[in-house]
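J.:
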Amino acid sequence: AAVPAVPGMVLPSGVRERVAAVHGGSALPERLRLYDSWASDYDQDVAALEYRAPHLAAASLAFAFPAAPAGARLLDVACGTGLVAREVRGGTGWDEMAWDGTGMRDNARLPPQLHRHGFCCLHGVDGSAGMLERARSTGLYRELRQCVLGREPLPGPAEQYDAVTVVGALGEGQVPTTVLPELLRVTKPGGFLCLTTRSNPSNLRYKQELEAELGKLESCGAWQKLLAQEVEHWERATSEEESTRGTGYISGVVFLYQKCPVPPLEED
């Protein structure tokens, strides 16, 4: 049976409840248990929600890396079941990207396969053992580690990754904004960081806090902003209150930063 999410829209039974549970402000051990139990249904649920953040993150990385250096390493933080890895390893072409210097159309298609340009080395971390088990089954990651962001440092030495992604986990009741310096720590100078968050009403306080921290790090010269792209149809809303202007969807934003010092452009 399907249950209504907002007027005129339906979601498969259980999706709304599972989403509400993980965003319900429960203590960390309970939240991790909820993610563990969600892992088996997660991919089908986000497909029903038309969740576009992994797709859009892959597009922004293609913008940053028209040709990544050989052996480039990407760290997928809060990797979940491996949605970002599947996007960056399976894109479909540049023709519909429609970059205009500030962003892309809402209907932009996926970038070309980034592993052809050097992203064959993907590492992932997540706090949920159940999610990591699903990510491991994709066979797309060279290394997967359990790590609870905000409670412990990311595994590995400093300045190890050419790109770092955090897609979906930067939100109210999830990963704290205090993790930003740790993301910078593991990124190489000149490397890229792709971050996403939602713009729905229940996440606006967190988004404002995140944007303030992003701005502080830019002001002190830690990184420079390349992109802040608002996307209206981010994913389907699970309630009328969360819907953007009655569209049945919530909105979100993709941020792309480059860690300083940025290397000079190579001359032809």
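Here the sequence shown is numbered in the working numbering, starting from 2 and rising by one per residue. Beta carbons are placed, not taken as given, at the ideal position from N, Cα and C, and that holds for glycine. These numbers come from a predicted model, not from an experiment.
1. Report the rounded CA-to-CA distance for Trp224 versus Ala213, giving the unit in angstroms.
2. To which residues of the same chain is Tyr142 closer than 8 Å at the C-beta, ignoring the five residues directly before and after it?
3. So, are the CB atoms of Leu181 and Leu218 less than 9 Å apart?
4. Within a Cβ cutoff of 7 Å, which residues of the same chain sit near Leu211, ignoring the five residues on either side of it in sequence?
5. Unbroken alpha helix (DSSP H) runs of length 4 or more, entirely within the region 149 to 214: which are they?
6. Between Glu233 and Ser252, which are expected to be in contact by the criterion C-beta below 8 Å, what is the C-beta distance as a whole number of angstroms?
7. Let's see if you can read the secondary structure: which residues bound the beta strand (DSSP E) around Ser252?
8. So, at 6 Å on beta carbons, what are the nonlocal neighbours of Asn201 in its own chain, with the 5 sequence-adjacent residues on each side left out?
9. Thinking C-alpha only, which one of Gln175, Thr188, Leu145, Lys226 is nearest Lys208?
10. So the candidates are His56, Trp39, His24; which of them puts its Cα closest to the Cα of Leu133?
11. State buried or exposed for Arg246, treating a residue as buried only when at least 16 other CB atoms are found within 10 Å of its CB.
12. Classify Ala159: buried if its beta carbon has 16 or more other beta carbons within 10 angstroms, exposed otherwise.
13. According to DSSP, is Arg246 helix, strand or coil?
14. Between which two residues does the alpha helix (DSSP H) holding Gly131 run?
15. Apply the 10 Å Cβ neighbour rule to Leu205 and answer buried if 16 or more other Cβ atoms are within range, or exposed otherwise.
T.: Reading from the atomic positions:
1. 14 Å
2. Asp77, Cys80, Gly83, Ala86, Leu123, His124, Gly125, Ala136
3. yes
4. Leu171, Thr178, Thr198
5. 181 to 187
6. 5 Å
7. 250 to 260
8. Glu243, Ile251
9. Gln175
10. Trp39
11. exposed
12. exposed
13. coil
14. 130 to 138
15. exposed
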